Amino acid sequence: MIGSISRSAGPGSAGETPALPGPALRKKAQWTALLLVVALLTTACGYRPASATRSVKGQSIAVETLVNRTTTFEVEQILTRALIRSLVEKSSYRIVQDPSQADVVLRGEILSILATPVIFGSETFGTAFLVTLHAKVELRDRRTDKILLKNDSYLFREQYEINADVKYFFSEQNPALERIAADFGSSVVSTVLEDF
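Counting in our numbering, the sequence shown runs from 5 upward without gaps.
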């Protein structure tokens with residue numbers, strides 16, 4: 005016959021059910037699956053404990069106050085403090101105030117901060133805003149004047165729930181700015197530690 009497939013009679017055909025694996029084979033398959041899961045869970049996945057650091061022991065770093073190119077009052081102070089706090093928490097760098105005494109210097113500029121509403125609601129306590137922060141970041145070896153890390157278009161985007169009145173979004177007392185600063189500082193420091 006053209007176009008038909010013929011099967012030969014054998015186990016599993018003509019009403020015969022295939023044999024199920026024996027208990028020993030099932031148990032072996034279960035152990036193999038369990039070992040595979042354990043192996044997958046314990047293999048390195050690129051993350052490291054918060055206490056693990058990549059900076060060289062004893063190296064010092066100075067964080068210059070960021071230059072504020074926005075109209076947001078004193079945002080450079082808040083973001084600079086957040087960078088220093090993240091360096092203290094995530095690295096073994098020794099923080100120094102005087103850049104001339106540091107091994108490396110971290111500097112940058114805040115180019116823009118934009119808060120765009122993404123959820124509108126008159127009945128909800130807060131409104132969600134997408135905050136986009138555009139900055140320049142540079143890490144330079146002070147002794148050799150070599151640029152170790154440079155990003156002229158560092159974009160940081162996060163969504164935050166805040167009070168619905170956008171005119172108070174970036175006031176000094178607004179906790180949303182502190183949350184953004186902490187997230188920004190953590191993000192920049194993670195980039196520095198990964199790339200340097």
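Don't be surprised by glycine CBs; every beta carbon is placed ideally from N, CA and C. All of these numbers come straight from a predicted model, not from anything done at the bench.
DSSP places A186 inside the alpha helix (DSSP H), whose first and last residues are P179 to D199.
Between the alpha carbons of T75 and L197 lies a distance of about 30 Å. Under the three-pair Cβ rule at 8 Å, the segment 107-115 counts as touching the segment 135-144. I123 has its alpha-carbon roughly 45 Å from the corresponding atom of K150. Short of 6 Å from the beta carbon of V193, and not among the five residues preceding or following it, lie these beta carbons of its own chain, in chain order: S90, L91 and K94.
In its chain, beyond the 5 residues on either side, I82, L83 and A86 have a beta carbon closer than 6 Å to the beta carbon of A185. Scanning its chain for C-beta atoms nearer than 6 Å, with the 5 sequence neighbours on each side dropped, one finds around D187 the residues E162, in chain order.
In the structure shown, A86 falls within a helical segment according to DSSP collapsed to helix, strand and coil.
In this structure, the CA atom of P121 is about 21 Å from the CA atom of Y158. Residue pairing of P121 in beta bridges, as defined by DSSP: F133. Ranked by how close their Cα comes to the Cα of N155, the residues T195, P179 and A119 have T195 in first place. Taking 8 Å as the cut-off, the beta carbon of A119 is found no closer than this to the beta carbon of A66.
Taken through DSSP and simplified to helix, strand or coil, L91 comes out as helix. Taking 8 Å as the cut-off, the beta carbon of V109 is found no closer than this to the beta carbon of Q63. Excluding its 5 nearest sequence neighbours in each direction, L152 has C-beta neighbours in its own chain below 7 Å: V108, L143, R144, D145 and F200, listed in chain order.
Going by beta carbons, E68 and R111 fall inside the 8 Å limit.
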